[in-house]
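Colleague:
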Amino acid sequence: MNAPARINSALDVRAQFPAIENWHYLDSAATAQKPQSVIDAITEAYARDYATVHRGVYQRSSEMTGRYEAARAATAALIGGKPDELVFTRGATEAINLVAQRLPKNGRNRVLLSQLEHHSNIVPWQLAGYEIDAVPLTADGQIDLDAAEAMLTDDHCIVGFAHISNALGSVLDAKRAADIAHSKGALLLLDGCQAVPRVSVNIGNIGADFYAFSGHKLYGPTGIGALWGRAELLDSMPPWQGGGAMIDRVTFAETTYLDAPARFKRGTPHNLRRDRPPRRGRMGPRHPDGINPRPQTPLGPQGPRPPSREFGGVTFLGPKKDAGILWFISQGGGPPRNPPHFGKMGGVRVRPGTNLGPTP
Ligand SMILES: Cc1ncc(COP(=O)(O)O)c(C=O)c1O
381 MNAPARINSA LDVRAQFPAI ENWHYLDSAA TAQKPQSVID AITEAYARDY ATVHRGVYQR
441 SSEMTGRYEA ARAATAALIG GKPDELVFTR GATEAINLVA QRLPKNGRNR VLLSQLEHHS
501 NIVPWQLAGY EIDAVPLTAD GQIDLDAAEA MLTDDHCIVG FAHISNALGS VLDAKRAADI
561 AHSKGALLLL DGCQAVPRVS VNIGNIGADF YAFSGHKLYG PTGIGALWGR AELLDSMPPW
621 QGGGAMIDRV TFAETTYLDA PARFKRGTPH NLRRDRPPRR GRMGPRHPDG INPRPQTPLG
681 PQGPRPPSRE FGGVTFLGPK KDAGILWFIS QGGGPPRNPP HFGKMGGVRV RPGTNLGPTP
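Here you go:
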């Protein structure tokens, strides 16, 4: 008698998310709603366990520090990395800025990005003074790796690609991207914001050099994220922002710094990182590798991507295979920031088509 009830509650993913009752939430690529287990863990941490980390000499502080470091190990394990290669940041944007600002250029002043990159993987490189080359997309919305191979030169320091596109859901052949980058002595940085919540990631198998992702898209709190980097690369990077938590010894004449990843801490860290990041498997059924095959449609010479499907005045676009992120055009019109017809559709929450990537 109990078995059907257990199965039903396991499948009732929506019931785990108290904030989306009566909503049809289609904006998880921008930020994920939080399951009750995460809300409970945050409440417990403030109500029962709260203390600063790495500083206090009292028991609660040392317990909180233990949990914080366990969270680092769990976060690193989520992508197949080691804890001492994982820097906690305030999000993916900060992780990419850290690499852009601190990776030694070694005479290489160009980065190779793609036309589907999020602004967070474009602007940091501009601010750091790099020249950018942008790899075009294939007709069905993938990063064109043949073009990338042809465009890469000895002047490129970084190849920086989205592992999964936030706009199209297209999935990169990350291993091939790593091989291409390394063939010219460049490093591969993957923006894993959309991949970590959707597919299993193993940075060792990919051969990536840096991997950036955020907590708030992974059902966790806002204002947290991570940069994974190969140990010798993190060691080669000087501290970025100075403050209290990253020092070995400070005098007015000179300061010495901790080793990476502690060297990249800036002030009191976000100490509510817990050792139990939400397990993706609990967030609902998915294709084993997270990829949804779409019916193939013939490509027109003009349109960059073919219509895949029409449904109720909505045209779905995108690559032949996506990772559950859909790009669609609604015939209802209206200003992009305020599509009036969605308001009448039972509380559908979507992301309008601006601020997703570079302006063509
Ligand atoms: C592909 C991609 N990269 C980077 C970001 C920025 O991430 P964060 O909010 O953690 O800085 C986003 C978020 O919108 C994203 O979708």
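Residue numbers (the numbering used here): 381 to 740. In this text, a Cβ means the ideal position worked out from N, Cα and C, and glycines have one as well.
1) Should ALA542 be listed as close to ligand 3, given that the test is whether its C-beta is under 6 Å from any heavy atom?
2) Helix, strand or coil: how does DSSP classify PHE644 here?
3) Counting only runs that start and end within the segment 491 to 526, where is the beta strand (DSSP E) found for 3 or more residues in a row?
4) To the nearest angstrom, how far is the alpha carbon of ALA625 from that of TYR599?
5) DSSP state of GLY609, grouped into three classes?
6) Identify, in the order they occur along the chain, each residue of the same chain with its Cβ nearer than 8 Å to the Cβ of GLN506, setting aside the five sequence neighbours on each side.
7) Starting from TYR448 and walking both ways along the alpha helix (DSSP H), at which residues does that stretch end?
8) Any chance the CB of SER408 is under 6 Å from a heavy atom of ligand 1?
9) Looking only at its own chain, which residues have a Cβ that is under 6 Å from the Cβ of GLN481, when we skip the five neighbours before and after it?
10) Which first and last residues belong to the alpha helix (DSSP H) in which VAL479 is found?
11) Going by C-alpha to C-alpha distance, which of LYS597, ILE627, ASP520 and ASP407 sits closest to LEU552?
12) Cβ of VAL491 within 7 Å of Cβ of ILE538?
13) Just curious, the alpha helix (DSSP H) that ASP420 is in, first and last residue?
14) Would PRO715 be called buried (16 or more neighbouring beta carbons within 10 Å of its own) or exposed?
15) To the nearest angstrom, report how far apart GLN396 and TRP403 are at their CA atoms.
16) How would you write the range of the beta strand (DSSP E) that ARG629 sits in, first residue to last?
Modeller: Result, derived from the coordinates:
1) No copy of ligand 3 appears in this structure; the ligands present are ligand 1.
2) Along the sequence shown, one-based indexing puts residue 644 at 264. Helix at PHE644.
3) 511 to 515
4) Here residue 625 refers to the residue found at position 245 of the sequence shown. Here residue 599 refers to the residue found at position 219 of the sequence shown. Approximately 27 Å between the Cα atoms of the pair.
5) Position 229 of the sequence shown, counted from the first residue, corresponds to residue 609. GLY609 falls in the strand class under three-state DSSP.
6) Translated into the one-based positions of the sequence shown, residue 506 becomes position 126. Excluding residues within five positions, the ones whose Cβ falls inside 8 Å are ILE512.
7) Counting from 1 along the sequence shown, the entry for residue 448 is found at position 68. Per DSSP, TYR448 belongs to the alpha helix (DSSP H) from 439 to 458.
8) As a first step, residue 408 must be located in the sequence shown, where it is residue number 28. Not so, every heavy atom of ligand 1 lies at least 6 Å from the Cβ.
9) As a working mapping, residue 481 is identified with position 101 in the sequence shown. Taken in chain order, the residues that qualify are ALA508 and TRP620.
10) Within the sequence shown, the letter at position 99 stands for residue 479. Its alpha helix (DSSP H) spans residues 472 to 482.
11) Residue mapping note: residue 552 aligns to position 172 of the sequence shown, counting from 1. Nearest option by C-alpha distance: ASP520.
12) Position 111 of the sequence shown holds residue 491. Position 158 of the sequence shown holds residue 538. Cβ atoms of VAL491 and ILE538: closer than 7 Å.
13) For the purposes of this step, residue 420 is taken as the residue at position 40 of the sequence shown. Note, ASP420: alpha helix (DSSP H), 416 to 424.
14) Residue numbering aside, residue 715 sits at position 335 when the sequence shown is read from its first letter. Here PRO715 scores only 45 on pLDDT, less than 50, and its place in the model should not be relied on; the value that follows carries that caveat. The residue in question, PRO715, is exposed, as its Cβ has fewer than 16 Cβ neighbours within 10 Å.
15) Sequence index remark: in the sequence shown, residue 396 carries index 16 (1-based). Sequence index remark: in the sequence shown, residue 403 carries index 23 (1-based). Their Cα atoms are separated by approximately 13 Å.
16) Numbered from its first residue, the sequence shown carries residue 629 at position 249. Residues 627 to 630.
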